[in-house]
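4 protein chains.
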Amino acid sequence: MAHDATEEQIKAIVKKVEEKGLKAEISKGAERTVIGVVGINAISYREAFAHMPGIHEIVPISTPYKLASREFKREDSVVRVGDVNIGPGTLTVIAGPCSVENEHMLMETAWAVKKAGAKLLRGGAFKPRTSPYTFQGLGEEGLRLLAEARKATGLGVVSEVMSPGDVEVVAQYVDMLQIGTRNMQNYPLLQEVGRTQKPVLLKRGMSSTVEEWLLSAEYLLSRGNKNVVLCERGIRTFEHATRFTLDINAVPLVKELSHLPVIVDPSHGTGKWSLVGPVSLAAVAAGASGLLIEVHPKPEEALSDGAQSLTIEAFNDLMSKIKKLCTALDIKID
Amino acid sequence: MAHDATEEQIKAIVKKVEEKGLKAEISKGAERTVIGVVGINAISYREAFAHMPGIHEIVPISTPYKLASREFKREDSVVRVGDVNIGPGTLTVIAGPCSVENEHMLMETAWAVKKAGAKLLRGGAFKPRTSPYTFQGLGEEGLRLLAEARKATGLGVVSEVMSPGDVEVVAQYVDMLQIGTRNMQNYPLLQEVGRTQKPVLLKRGMSSTVEEWLLSAEYLLSRGNKNVVLCERGIRTFEHATRFTLDINAVPLVKELSHLPVIVDPSHGTGKWSLVGPVSLAAVAAGASGLLIEVHPKPEEALSDGAQSLTIEAFNDLMSKIKKLCTALDIKID
Amino acid sequence: MAHDATEEQIKAIVKKVEEKGLKAEISKGAERTVIGVVGINAISYREAFAHMPGIHEIVPISTPYKLASREFKREDSVVRVGDVNIGPGTLTVIAGPCSVENEHMLMETAWAVKKAGAKLLRGGAFKPRTSPYTFQGLGEEGLRLLAEARKATGLGVVSEVMSPGDVEVVAQYVDMLQIGTRNMQNYPLLQEVGRTQKPVLLKRGMSSTVEEWLLSAEYLLSRGNKNVVLCERGIRTFEHATRFTLDINAVPLVKELSHLPVIVDPSHGTGKWSLVGPVSLAAVAAGASGLLIEVHPKPEEALSDGAQSLTIEAFNDLMSKIKKLCTALDIKID
Amino acid sequence: MAHDATEEQIKAIVKKVEEKGLKAEISKGAERTVIGVVGINAISYREAFAHMPGIHEIVPISTPYKLASREFKREDSVVRVGDVNIGPGTLTVIAGPCSVENEHMLMETAWAVKKAGAKLLRGGAFKPRTSPYTFQGLGEEGLRLLAEARKATGLGVVSEVMSPGDVEVVAQYVDMLQIGTRNMQNYPLLQEVGRTQKPVLLKRGMSSTVEEWLLSAEYLLSRGNKNVVLCERGIRTFEHATRFTLDINAVPLVKELSHLPVIVDPSHGTGKWSLVGPVSLAAVAAGASGLLIEVHPKPEEALSDGAQSLTIEAFNDLMSKIKKLCTALDIKID
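In structure tokens:
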């Protein structure tokens, strides 16, 4: 309450708290009175009090997410995608081209990343592009090529779904649905994906707080899909020397707040292929359960994201370093 | 090019530029050589060069949007919504509740904002909510209530559409489709709305640059929908004392870069009802063609956004000040 | 406290609170226990608790500034600079070149801005420049020229001080000391300026929260200098289409939180001369008590900030609009 | 140039470029004409052109720093502090309390961090504090205690200098001067420190770009002090779940752009002791040449930064992990 809040103002608030079925507990301090509001989902009534006189500030105490929280579930979750377990003590490398461009390049990349140690293949069929004048992806044809690559190589495949109406068709082809950074708060999409049991890679919104990210996971979990893997992919800051600022702090922070596995996308997080290697190693050392890396046989001919894609050679080099690091840190590669 | 780029590296780039059907123009300077790449849509080939040796930096010169640009169309566009013209020299006030909650409150608000001078009625039926545990809107029932309010008051109505599959149904009921901040880069939605001729209120993404915002407008324009109104509604910054930071600079900047009308949402831009008045006046003075203001008969009982909603009384006061200001600045209220 | 905090953990915290001479008030809720800590300056002990087991989160309630707060002093402060009162109900325009370059241009500018209605003259003598290779200002010679311009025109003068060792000399020449954005948290400088009674223009740090800004004012006030005017000058955000993002919300917000006058610098806040006019009008409409505007007779020859400086002609035009606006809003120009 | 720039406008610009002693090279493209401006320090004339008609945009090509750039000096610099070499292939751990509080705690910490493997001792004597009401440091007495700790343990000492007038006295006591985040653009301080030969730890401004950071290093280098070590310590972003966002990308990026060594401060970069370990390991894996870690024997009694300080036990644990990691990555600890 404000310094000069009257007894009547305090009483009015207590009355309203009780009308909502909540409990008010009053602390009178030297400088001001604090009214604690307790009860199930008390936070959702916050705005009902915003206009009442005598209030200095309303401060939330509880976290607004439940099922995603570490308090709800103490043990780390493990998400199974195809034959692979994403979770504690292991590192899962997901690699492949930004976009599926054609069969030849996809097969070449798939075999190469498999040989280097990746366990899942990524590739975009439906592409969210900032400009309407750039390549928009192959659509369902891209999904068919991914399914063929899986059949040939045995790698599980991950691809983005952008629209609630596409969930069913994408889910038929892939092992893991990706929700992209621009769709982290696309609630109709989250609800639709939440209704399936398909594993989900939920990328952090480029300007989303960790709390909002976990609330988006909560949409999926509360609809019944427990197979959620979080992916830190860089946030938007004032620094434009890199495409985004990879939030390395978020890796151990999310592990404190949530039981869900968290992986890192150093390709988007940096936007510059020469930084992908060092930042991948950093992510592993920080405790990420996986990496999502863009690889292209000829980045200079890529239809999208060439600047941040590794060549196959560079990816091989990086995988050698990652393996050495995992050995030193007692992490299994899966 | 880098300081120490070789002649061969320069030649390789020129060769590649020409292979793409573009023209390379070389400037040899005291410190470095600059290669200008010119031709239609040259910028889309940018990534094809990112891996080539000898390059110091690739700097875009052209703006990537065309139809939205002031260079493409010199005169200000005017967008007609119902009986109202949104464009230069006029101020259009759109007001109403955050969510349509029930018939009674909607009618009360509609009549009150009309009486105060608002020309369009806003109200959310499909609501994007950060938490899955809060009120998600009445859906189509909300749209029906909006249509009734239009019939009764004659006010045109504006409501948000969140999913491509809902565009048709929402367009049947409303005079203007709103694309919310979380959907500014929801490309399937933009494409679907772009196929209609329904006026669109395109809110700026909370972490979108002005360039990205104009590129999203370009999605709509290039699909054939020319009736686009831009809405600045605050961006996400380090300052959390207000819900967002309203980017007042964006108003005159967008008017320089684009012919599209731009309006301002001071309710979301501040998140605090006591700041809505001063910031509304600021927006008008900066040249906005309209305002989008949340009004609720009893903000303390609102199911969403109560903290930033004006009471009817406060809205009346504000409209008096706005009228005085418009008179001084020779702006017509429409 | 955490959900699973034990009685012993709660007792340990209460014991420690009491050892610090503070009072602990306990609220046991449905989901968790909240311990309110009350007492003079309780917030400064915050870190002493950060390592104790069983704590979920420590949330500050009091504002950490006192003398700058509206709660401490209800009435708006008025700061007198030369013959001018900066405070409520008036608009004070401070104008002049970014840097004092030579006597001729300074005199020309001083007379021109006076004629147009400015009441104070700005001009940099000691310049903080991002690059060591650009013009660093005339130093004391610049101050002498400012003093001459004051003698000739009667305008009070404002200039920046960058170093505690320069406070005395700058204070001899000027009517108001400016503390620049890069020095808002230069505490030795704040302390030295706080010891004088000279009016101070305290610019907001480009990445400072409103709370940190008011804490820097608190440094000045608590050292005995009550003549503090705050200046919003744009904050650093992800948007780089303008030099900074002018935080228009901060104007009414600071007026709620503090009794100190707040003015706006649209020149730095936009970085682009064509935006200075609209944003100046916005600042006046939002309730700013003054404007700080860069004016240069020939911006294209300016040694610094030419891109954001108005020509004398453009400044004249703007002042006409400002006068019209002030008349409409019942604001006196002083 | 703008699409519709006239021949006369182009000629006027070319004329002006040549008047400045620079060279203009013209590329006429399909969409617009580009004028390349070349010559020594061409960038500093940028603003002289901002007001000229017909210009669409002025885009800088050269980097504005020279001595700090990798182009100027290809080999990595090594900075010697006491007996320690900070540079490539080695990891230097600097540890100690945020503030020097008293002799006993300083000695206890110094011996403990030495035993665990730290090579330099940090400790603040002059403290920049956001609030005027919190502990401001022991001043010169703190420096004397640091010098005693060096004598006793043999560890070189690092401490912050905040004011140009203090540079001489601080330099007498310490082995390395720290320039704090709030002073990265305190140019009088940079100039004074640049005149000494004392090694400098230059922290990145919390809202400074990498380019501005290297320009601040340029101030030091251009004054003659070549012993500059850069320190990434977190930047200010919208994410407030951690105190700052540690910019891990900056580590490999700075190593590309500059020859100067870069170290990381995970204590300020996270603000939360439980995140310091994982982020320290990430920094080493990303290629940092050192770490700056806050350690306190009893963080719960610390006068500043207790929440982010490691206990001696936690620091010992972390050093074991760091050693294991360095062995795996062939990094020598020095």
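Protein chains in written order, with our numbering: chain L, 316 to 649; chain B, 316 to 649; chain X, 316 to 649; chain H, 316 to 649.
Beta carbons: idealized from backbone N, C-alpha and C, even for Gly.
These numbers come from a predicted model, not from an experiment.
Chain order gives no chain L residues near residue 579(X), where near means a beta carbon separation below 9 Å; the closest approach is about 21 Å. Within 10 angstroms of the beta-carbon of residue 357(L) lie 16 or more other beta-carbons, which makes it buried. Here the alpha carbons of residue 482(H) and residue 603(L) stand approximately 43 Å from one another. In the structure shown, the three-state DSSP call for residue 324(L) is helix. Annotation for residue 641(H): no beta strand (DSSP E) segment contains it, though the alpha helix (DSSP H) segment containing it runs 627–643. Residue 402(B) sits close to residue 576(B), with the two beta carbons spaced by under 8 Å.
Between the beta-carbon of residue 561(B) and that of residue 549(B) there is about 5 Å, and that keeps the pair under the 8 Å contact cut. At a cut-off of 8 Å between C-beta atoms, residue 537(B) does not count as an interface residue with respect to chain H. In the DSSP assignment, residue 610(B) forms a beta bridge with 625(B).
Contact annotation: in the region 573–598 of chain X, residues whose CB is within less than 8 Å of a CB in chain H are 588. 551, 552, 553, 555: these are the residues of the region 533–562 of chain X whose beta carbon lies less than 7 Å from some beta carbon of chain L, given in chain order. Between residue 381(H) and residue 319(B), the alpha-carbon positions lie close to 15 Å from each other.
Identification of chain B residues near residue 498(L) by a Cβ-Cβ cut-off of 8 Å yields 501, ordered along the chain. For residue 604(B), no Cβ of chain L is located within less than 8 Å of the residue's own Cβ. Three or more beta-carbon pairs separated by less than 8 Å link the region 403–415 of chain X to the region 427–441 of chain X, which places the two stretches in contact.
Under the three-state reduction of DSSP, residue 395(H) is assigned to strand.
Taking 8 Å as the threshold, the shortest C-beta distance from residue 449(H) to chain X falls below it. Close CB contacts of residue 586(X) within its chain, under the 7 Å cut and outside five residues either way in sequence, are with 557, 558, 559, 622, 623 (chain order).
Using a 10 angstroms sphere on the CB of residue 467(H), the tally of other CB atoms stays under 16, which defines it as exposed. Residue contact check for residue 568(B) against chain X: a CB pair falls below 8 Å.
When the beta-carbon positions are compared, residue 492(H) and residue 515(H) come within less than 8 Å of each other. Closest by C-alpha distance to residue 443(H), out of 349(H), 396(H), 619(H), 386(H), is 619(H).
Within the region 614–627 of chain X, the residues whose Cβ lies closer than 9 Å to any Cβ of chain H are, in chain order, 614, 615, 616, 617, 618, 619, 620, 621, 622, 623, 624, 626. The distance from the Cβ of residue 595(B) to that of residue 633(B) is about 6 Å, consistent with a contact at the 8 Å cut-off.
Residues 440, 488 of the same chain have their beta carbon placed closer than 6 Å to that of residue 458(B), with the five preceding and five following residues left out of the count. At a cut-off of 8 Å between beta-carbon atoms, residue 518(H) makes no contact with chain L. Here the alpha carbon of residue 616(B) sits roughly 11 Å from the alpha carbon of residue 367(L). Residue 580(H) and residue 518(H) have their C-alpha atoms roughly 9 Å apart. In the structure shown, residue 522(B) adopts coil according to DSSP, grouped into three states. Around the beta-carbon of residue 348(H), 16 or more other beta-carbon atoms lie within 10 Å, marking it buried.
Taking 8 Å as the cut-off, the beta carbon of residue 599(H) is found no closer than this to the beta carbon of residue 630(H).
Using a Cβ-Cβ cut-off of 8 Å, residue 386(L) counts as an interface residue toward chain X, since at least one Cβ of chain X sits closer than that to its own.
Cα atoms of residue 542(B) and residue 408(B): separation of roughly 17 Å, rounded to the nearest angstrom. Think of a sphere of 8 Å around the beta carbon of residue 525(L): the chain H residues whose beta carbon falls inside it are 554, 556, in chain order. Using beta-carbon distances, residue 601(H) counts as an interface residue toward chain L, with a partner under 8 Å. Taking the Cα of residue 445(X) as reference, the smallest distance to any Cα among 505(H), 447(H), 434(H), 397(H) is reached at 505(H).
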